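Notes to accompany the following structure.
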Amino acid sequence: MSRLHQYVGGEHLRQDAPDKVTGEAIYVGDMAFPGMLWGRFKSSPIASGRILRIDTARARALPGVRAVLTGEELDHQLGLYMADKRILARGVVRYQGDPVAAVAAESEAMASEACNLIEVEYEPLPAVLDVEQAIEPGAPLVHPDLGSYRYMKGVFHPQPGSNVAHHQKIRRGDLEKGFAEAHRVFETSFWNPAVPHVPLETHVVIARALSGDRVDLWTAAQSPFTVRHLMAAGFGIPHNNIRVRIPYVGGGFGGKAGINLEPLATMLSKATGGRPVKIVATREEEFNTLPSRQGLKSRIKAGVTREGKLTALEVRYLWDAGAHADYGVNIGRAAATAGAGPYFVPAVKVDSLVVYTNKVFGTAFRGFGHLEVLWGIERNLDMMAHALGIDPFEMRQRNFLTPGEPTITGEIFTANHGRPDLCLKTVADAIGWSERPREDHPPKRPAPIGGKRRGYGIASLHKSPAMPVYTSCSCILKFNEDASVNLLISGVDYGQGTYTALAGIAAQELSIPVEKVHVTWDCDTATQPYDWQTVASRFAVMGGNAVIAAARDCLDQLKAVAAQVLHAPVEDLVCENEEVYVRKDPGARLHYRQLVIGYSFPNGSSIGGPVIGRGRYIAQGLTHLDPETGQGRNALNWTYGAHGVVIEVDTETGDIDVLKIASCMDAGKVLHLAAARTQVEGGVIQGLGSALIEGFKFDESGRLLNPSFVDFKIPTAKDLPREASQHFIETPQLDGPHGARGIGEHPMIAIPSAIGNAIYDALGIQIHELPLNAERVFLALKHAQPNDAARP
Amino acid sequence: MEHPIKLTVNGQAWEGSVLPDLTLLRFVRETLALTGTKEGCGIGECGACTVLLDGRPVNACMVLAVEADGCALRTIEGEAKAGKLSRLQQAFVAHHAVQCGFCTPGVIMSAQALLERAPAPSDEAIVEAVAGNLCRCTGYASILKAVRSCTPHGRTGGER
Ligand code: FES
Ligand code: FES
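For the record, the sequence lines run as chains A and B. In terms of this note's numbering, the first sequence opens at residue 1 and continues consecutively. In terms of this note's numbering, the second sequence opens at residue 793 and continues consecutively.
Spelled out as structure tokens, the structure:
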């Protein structure tokens, strides 16, 4: 095989980088249209209440105001999995930050002023803020009408008359027997707060509502076709009436999946007779009104043999969905299927409840619930190991799934699934796990306050893409006159580097220089082929397969014409280095240039025509999960991985200095080394944010206390680990492009678990809540001191 | 009441009048239509809006346009000359120090100011220079590498 044009696994430059380093990249916030108005909304100051009166008269009277809307005028119920959301609150508000009225005006300042002039009178209602309280009988209902909402049937199981939006059950094996066989049974609980995504670009959209129920949108969204579909379903208009365009997007991490501000901008535009309306969320609105990651309370009961083999696992996950669970229901479902970790457990009972509360709502966030469930599972595993006197590394190795064993949903693990064991070994070796200091680590009793102490921690992870069983993707490759190609695909590259990896796949498949593949960056539902959503680390895999199919389609077309010109059978033709030649007569050859828009014989007569390849891919073999047992096949593939950390804790302040982080993923095949490495670098730091500093805080009335960068910090360049290494294992995925699996989300998933485990190694205390900020660590250590007065 | 101001924008003279409460960020993005400079928070906490005033990096959202009177203003649009990327810009491309790109113009302006002020900065100085620029995507490692590669001691280093 020729070594020319080999790009898979390479490091060719990102296609978007020149636009982005020069400021030439256009994001929605940079766009303006003639006659464009500014939209703003007014949001609820209280977590739960009845709207008694909205007076918009003064806002309407303000010069420059072109439209004012309230929930009374908008009758749509929207959502992807669970249509539980209105464009503006109607009758009641369900969280502090819930939009209640909106304005379109000639300038942003006028729109803001008009919002201030809108008067809303509320009758406060009891707010339900805690998930445990929310599932008590008689708890105030966040959605009394739950029974009447549209939702994806057969997949989700809402419980009308309660705050439970979805109950995912997983049942496998004989639980009683499993616990009876256990040498010891451990019970413990964990908690994760809600965490916002914090893309540097806040949500932004421009909408034009045109005559004849047509809508034009420019939006910072992850999924053009899902935006279109949800708009079509929500407004009851044909898909083709809606055109969604997505230019560069300034980060998403799940927060820009589904739809967000698009319907509101559309209705404002409609109310102004079709003038373009732009809404840019302020940073505070990004925190307060737009979705975040759900909180989670986990209760874990696990049985183990004397040797540390798991015999039974009973878990209850209570997801704090906030006021809407449109996306949250799917997180509760998907994360439950991974809710025992990458281990074989003979008997399992998982109850995963997605619970409404009166707080800002949750949605997809890089890792889709897996960081949260593994915070419990991976911490608990360490706790059990220590109690049994088994090395946490060894404990995991004894329990990893091995070929032939079923996952908790009954999928049989095979040798092609990947190597969780090798991932763990790789990170353990990278941090020097087996040579770590053992004497006084972990200390027998809580470490005394004074000085710094080191700790080593490891944790495993796994995740499969969460998506509907019919998820699909398509690609078009069109050749230009100079034999360069345009690659059209509709997963959105909002920074992950997927487009650059796909360009490499296309170039390699077509045997052309990667510089000649131009991915069309701006996505447009009117011209690009269909894709479901850019979420779940599925795009490199499904998109990669679609690109390969499209490239092969192009090659077939090139060969078909070349065969006529070269008088050779198609089977004897080879495409290489931008040429087609006859295998046994390599002198007979044609440059792609001669073929891509049609071949002309010397006498002028022409054959062929423009070469346009099409490729598609659909998830295969997936099934719905049984509603009672959760058994079925919902994973297209599993990516396994592990993290290892070395930390130093200052016992006098609780500050954690991260000395080393090693990460390893079984990528199947690394499609683009630089993209993979930088995804891991970035994901790890995002994971460190969740581990050490990030988390929403609410007061007892449900008001968000930290909705700005002043009170909510994310990691800066000063917060990096001293040393970070990225490792990849390549156990080919049989149906992945070149054997690849997704790795976009995984780098952040087990970081908190590894740090929590390292804290125990350093201090001998177990912390069950995130984030592990200095205050929490110091107070936990202080309260654990034998003579501490504040000890509970 | 508008105030007359006079400044240079990426080397070119600009003269006009602005409202007293117009921020430098809005002046750059709206009046000058230079949209490479981004807004990430509007309250001086993210650095996405970093521009250079007389060579000094400032958060444009925290400065009034009138304060730029008489200054040399530099924005990301002025960094590439005649279609050729600056050395630092090239380094960001080469080191894959760009993901979503929303922080990138601000980070480049902060780092460029450092390199002009101290052509051989220490690692600590580099971290310090970009610590006010939030990036949610890259985890900063590739950014630091890119900047380091533009210093005399980083020049030979290259990728790990
Ligand atoms: S926009 Fe100026 S610092 Fe964030
Ligand atoms: S590249 Fe996205 S915020 Fe820095």
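Note that beta-carbon positions come from the ideal geometry of N, C-alpha and C, so glycine has one too. Bear in mind that the values here come from a model prediction, so they are computed numbers and not experimental data.
Interface flag, residue i vs chain A, CB-CB below 8 Å
{"i": "Val-885/B", "result": "yes"}
{"i": "Arg-928/B", "result": "yes"}
{"i": "Glu-953/B", "result": "Residue 953/B is absent from the structure shown; chain B starts at 793 and stops at 952."}
{"i": "Leu-936/B", "result": "yes"}
{"i": "Gly-832/B", "result": "yes"}
{"i": "Gly-923/B", "result": "Position check: residue 923/B holds Ala in this sequence, whereas Gly was assumed. Yes, contact with chain A."}
{"i": "Cys-892/B", "result": "yes"}
{"i": "Gly-946/B", "result": "no"}
{"i": "Glu-794/B", "result": "no"}
{"i": "Gln-804/B", "result": "no"}
{"i": "Thr-980/B", "result": "Since the first residue shown for chain B is 793 and the last is 952, residue 980/B is missing from the structure and cannot be characterised."}
{"i": "Ala-864/B", "result": "no"}
{"i": "Ala-857/B", "result": "no"}
{"i": "Ala-840/B", "result": "yes"}
Neighbour flag for residue i against chain B, beta carbons, 8 Å
{"i": "Arg-14/A", "result": "yes"}
{"i": "Asp-30/A", "result": "yes"}
{"i": "Pro-199/A", "result": "yes"}
{"i": "Tyr-494/A", "result": "yes"}
{"i": "Arg-283/A", "result": "yes"}
{"i": "Gly-91/A", "result": "no"}
{"i": "Thr-678/A", "result": "yes"}
{"i": "Tyr-7/A", "result": "no"}
{"i": "Gly-410/A", "result": "no"}
{"i": "Ile-656/A", "result": "no"}
{"i": "Pro-291/A", "result": "no"}
Where residue i falls: helix, strand or coil (DSSP)
{"i": "Gly-950/B", "result": "Unreliable positioning characterises Gly-950/B in this predicted model, as indicated by a pLDDT of 40, which lies under 50. A coordinate reading is not provided."}
{"i": "Gln-294/A", "result": "coil"}
{"i": "His-738/A", "result": "helix"}
{"i": "Tyr-530/A", "result": "coil"}
{"i": "Ala-263/A", "result": "First, the residue type needs correcting, since residue 263/A is Pro and not Ala in the sequence shown. The answer is helix: DSSP assigns Pro-263/A an H, G or I state."}
{"i": "Lys-177/A", "result": "helix"}
{"i": "Asp-666/A", "result": "strand"}
{"i": "Phe-884/B", "result": "helix"}
{"i": "His-143/A", "result": "coil"}
{"i": "Thr-426/A", "result": "helix"}
{"i": "Met-793/B", "result": "coil"}
{"i": "Thr-629/A", "result": "coil"}
{"i": "Arg-850/A", "result": "In this structure chain A extends from 1 to 792, so residue 850/A is not present and cannot be described."}
{"i": "Trp-433/A", "result": "helix"}
{"i": "Thr-407/A", "result": "coil"}
Within chain A, the residues that residue i reaches when beta carbons sit closer than 7 Å
{"i": "Pro-897/B", "result": "Gly-23"}
{"i": "Glu-908/B", "result": "Those within 7 Å of Glu-908/B in chain A number zero; the least Cβ separation is about 17 Å."}
{"i": "Gln-904/B", "result": "Simply none; closest approach about 11 Å."}
{"i": "Ala-872/B", "result": "Thr-22"}
{"i": "Ile-954/B", "result": "In the structure as shown, chain B begins at 793 and stops at 952. Residue 954/B is therefore absent and cannot be evaluated."}
Nearest-angstrom beta carbon gap, residue j and residue i [assumed within contact, 8 Å]
{"i": "Leu-816/B", "j": "Ala-857/B", "result": "5 Å"}
{"i": "Val-204/A", "j": "Asn-358/A", "result": "Rounded, the Cβ-Cβ distance is 27 Å, inconsistent with contact."}
{"i": "Ala-839/A", "j": "Glu-11/A", "result": "This structure cannot speak to residue 839/A, because chain A is shown only from 1 to 792."}
{"i": "Gly-794/A", "j": "Gln-222/A", "result": "Here chain A covers residues 1 to 792 and nothing more, so residue 794/A does not appear."}
Under 9 Å by beta carbon: chain A residues contacting residue i
{"i": "Ala-852/B", "result": "Result: empty, since nearest Cβ-Cβ is about 13 Å, beyond 9 Å."}
{"i": "Thr-800/B", "result": "By Cβ distance, chain A contributes nothing, its closest Cβ being about 18 Å from Thr-800/B, past 9 Å."}
{"i": "Gly-828/B", "result": "Thr-22, Gly-23, Glu-24, Ala-25, Asp-30"}
Contact list for residue i against chain B, beta-carbon separation under 9 Å
{"i": "Tyr-81/A", "result": "Within 9 Å Cβ-Cβ: nothing; Tyr-81/A doesn't reach chain B, min ~26 Å."}
{"i": "Glu-681/A", "result": "Thr-930, Gly-931, Tyr-932, Ala-933, Ser-934"}
{"i": "Leu-720/A", "result": "Val-919, Gly-931, Tyr-932, Ala-933, Leu-936"}
{"i": "Pro-63/A", "result": "The contacting residues do not exist; Pro-63/A stays about 17 Å from chain B at best."}
Contact set between residue i and chain B, taken where Cβ atoms lie within less than 7 Å
{"i": "Pro-247/A", "result": "What Pro-247/A touches in chain B: nothing, since even the nearest Cβ is about 11 Å away."}
{"i": "Ile-170/A", "result": "Within 7 Å Cβ-Cβ: nothing; Ile-170/A doesn't reach chain B, min ~33 Å."}
{"i": "Thr-716/A", "result": "Ala-923, Leu-926"}
{"i": "Ala-724/A", "result": "Ala-933"}
Interface partners of residue i on chain B, CB under 8 Å
{"i": "Gln-686/A", "result": "Arg-928, Gly-931"}
{"i": "Val-710/A", "result": "Ile-835, Glu-837"}
Within chain A, partners of residue i - CB distance below 8 Å
{"i": "Leu-811/B", "result": "Ordered by position in chain A, no residue passes the 8 Å Cβ test against Leu-811/B, which lies about 10 Å from the chain."}
Quiz: which residues have CB nearer than 6 Å to ligand 1 non-hydrogen atoms:
Result (chain order): Glu-831/B, Gly-832/B, Cys-833/B, Gly-834/B, Gly-836/B, Glu-837/B, Cys-838/B, Gly-839/B, Ala-840/B, Cys-841/B, Asn-851/B, Cys-853/B.
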